[in-house]
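**Student:**
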Amino acid sequence: DVKVTQSSRYLVKRTGEKVFLECVQDMDHENMFWYRQDPGLGLRLIYFSYDVKMKEKGDIPEGYSVSREKKERFSLILESASTNQTSMYLCASSLSGRGNSNQPQHFGDGTRLSIL
Amino acid sequence: DAKTTQPTSMDCAEGRAANLPCNHSTISGNEYVYWYRQIHSQGPQYIIHGLKNNETNEMASLIITEDRKSSTLILPHATLRDTAVYYCIVRVEASWGKLQFGAGTQVVVTP
Chain A
232 DVKVTQSSRY LVKRTGEKVF LECVQDMDHE NMFWYRQDPG LGLRLIYFSY DVKMKEKGDI
292 PEGYSVSREK KERFSLILES ASTNQTSMYL CASSLSGRGN SNQPQHFGDG TRLSIL
Chain B
109 DAKTTQPTSM DCAEGRAANL PCNHSTISGN EYVYWYRQIH SQGPQYIIHG LKNNETNEMA
169 SLIITEDRKS STLILPHATL RDTAVYYCIV RVEASWGKLQ FGAGTQVVVT P
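Below you can see the structure in the form of C-alpha cells.
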C-alpha cells in the first residue's frame, strides 16, 4: 500500500526559527514534491525533486530550501520562519520514467505549521 | 490542462451509491481524468484515474463517456468516512509538475 509519511501533524514555531519538515515515502518513487495549501489559494508548489540530490523550484520557493540526500526522504527547510509561512504543508511522491507519466502523485497527511 | 466543472455540493445517504459528475468538455485525446478527495484536515487522497475505458478499484469506479467530455465517479456504498471534498482534474501527466485542484464537490454522507 502507498505510504507517504510526514514527521509531524501539527507544529508550532516562533518567528526567526529554522524549521525542518520531513517526508518519507516507502514506494521507491523517484519524484517528490512539497506544496503548501491555504484557504482560497489552493495548492501551491514550493519545490520538487526528480532524483537524489536534485531539486527544482516551484512557484513559491522564496524563504524555503529542500534537501534530498536519500531517495525515500525529502526535507523542507524554512530558513527563518515568518508568520506568513503559517500553512498546511503537504508532501507528495510519484513514479518517474517511461510509461509512468500518467501515474498519480500520492500525498501525506500534511503538517499544519503555525508560526507565532 | 483542460478545465473541469463539478457541482458545489451533494448529499448522500449512508449505504447508498454516490455518483459524482465532472464535466471536461475541452479534454484532449492524451489527457487522463484523475479523482482525488480530501477529508477535512488531511492530505489529498488519490482515488482513481482513467483515459477512456471505465476503471474500477477497491475504492471506486470511474465511468467516462464515449466522447470523453464528462465522467462520473461512483462510490458504491457510501460510508460516513467518505464525507470529503472530491476533486476531478484532467492532466496529460500527473506524475510530474504541480497539481492544481478546483473547488471540487463537497460530499456529505448522512446516516
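Line order of the protein sequences matches chains A and B.
For the first sequence, my numbering assigns the number 232 to the initial residue and increments by one for each residue that follows.
For the second sequence, my numbering assigns the number 109 to the initial residue and increments by one for each residue that follows.
Quick reminder that beta carbons are idealized off the backbone N, C-alpha and C, glycines included.
With DSSP collapsed to three states, give me the class of A/Thr314.
**Tutor:** DSSP places A/Thr314 in helix when its eight states are reduced to three.
**Student:** Name the residue from B/Leu188, B/His148 and B/Asn127 whose alpha carbon lies nearest to the alpha carbon of B/Ser178.
**Tutor:** Measuring from the Cα of B/Ser178, the nearest candidate turns out to be B/Asn127.
**Student:** Between which two residues does the beta strand (DSSP E) containing A/Tyr266 stretch?
**Tutor:** Per DSSP, A/Tyr266 belongs to the beta strand (DSSP E) from Asn262 to Asp269.
**Student:** Tell me the DSSP bridge mates of B/Met118?
**Tutor:** Per DSSP, B/Val215.
**Student:** Please state if the CB of B/Gln114 and the CB of B/Gly210 are separated by a distance shorter than 9 Å.
**Tutor:** Their beta carbons are under 9 Å apart, which means B/Gly210 touches B/Gln114 by this criterion.
**Student:** Measuring only the C-alpha atoms, how far is A/Gln256 from B/Leu181?
**Tutor:** Approximately 27 Å, taken between the alpha carbons.
**Student:** Indicate whether the contact test is met: 3 or more Cβ pairs, each with one atom in the segment 290-301 of chain A and one in the segment 323-332 of chain A, closer than 8 Å.
**Tutor:** Short answer: they don't touch.
**Student:** Look at the alpha carbon of A/Gly339 and the alpha carbon of B/Arg124, and state the distance between them as a whole number of angstroms.
**Tutor:** Each residue's alpha carbon lies about 29 Å from the other.
**Student:** How is B/Leu188 classed by DSSP in three states: helix, strand or coil?
**Tutor:** Residue state, collapsed to three classes: helix.
**Student:** How many angstroms separate the CA atom of A/Tyr281 from the CA atom of B/Arg189?
**Tutor:** Going by the C-alpha atoms only, they are around 34 Å apart.
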